[in-house]
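The numbering of the sequence shown is this note's numbering, which starts it at 37 and goes up by one. By construction, the Cβ of each residue, glycine as well, lies at the ideal position given by its N, Cα and C atoms. This report refers to the structure that appears directly beneath it.
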Amino acid sequence: MALTGVMQRWTQVLQAPLDQAALELQRAALGVLEPLPLLATMAAACLLIQQCRRFWHHPDPAWRLAASAIATTLAVDGLFLAAALWAPQLSGLI
């Protein structure tokens with residue numbers, strides 16, 4: 037997220053009055069959809085998915101746990117991004 041510029045906007049979201057925070061969050065999420073940040077986000081997601089697949093097939097069960105943690109994190113982050121884009125007033129609940 038640091039590569040996409042979202043981290044710079046995060047302090048604005050946190051410092052915004054409650055009635056404006058959802059709109060600031062949506063603006064930050066829309067910034068991820070610009071070409072360069074979107075490319076960085078998709079590249080990171082692809083690398084993490086590849087890593088997750090490698091970990092899943094490792095003989096040590098602890099690696100499967102790590103793969104599950106990565107997959108869960110990606111799913112939750114995707115859900116958070118979707119909520120920030122389409123229903124920013126609900127994204128604080130996630």
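Identity of the residue in the options nearest residue i by Cα
i: THR47; options: ASP96, ARG100, ALA57; result: ALA57
i: LEU39; options: GLN51, ALA118, THR77; result: THR77
Extent of the continuous alpha helix (DSSP H) to which residue i belongs
i: ALA80; result: 71 to 92
i: ALA118; result: 97 to 122
i: ALA52; result: ALA52 -> no alpha helix (DSSP H), and no H or E assigned at all.
Nonlocal neighbours in the same chain, by C-beta distance under 7 Å from residue i, ignoring five residues either side
i: GLY41; result: GLY67, PRO73
i: ALA81; result: LEU110
i: ALA122; result: Inspection of the sequence shows that residue 122 is occupied by Trp rather than by Ala. Around TRP122: no qualifying Cβ.
Cβ neighbours of residue i in the same chain (closer than 8 Å, five flanking residues each side left out)
i: ALA120; result: LEU61, GLN62, ALA64, ALA65, SER127
i: PRO124; result: ALA58, LEU59, LEU61, GLN62, ALA65
Other residues of its chain near residue i: CB distance less than 6 Å, five sequence neighbours each side excluded
i: ILE106; result: LEU84, CYS88
i: ARG45; result: ALA64
i: LEU69; result: none
Through-space distance from residue j to residue i, alpha-carbon basis
i: LEU50; j: PRO95; result: 43 Å
i: LEU117; j: PRO97; result: 31 Å
i: ARG90; j: THR108; result: 16 Å
i: ALA102; j: VAL112; result: 15 Å
i: HIS93; j: ARG100; result: 7 Å
i: GLN86; j: ALA79; result: 11 Å
i: ALA52; j: SER104; result: 34 Å
i: LEU54; j: GLY114; result: 23 Å
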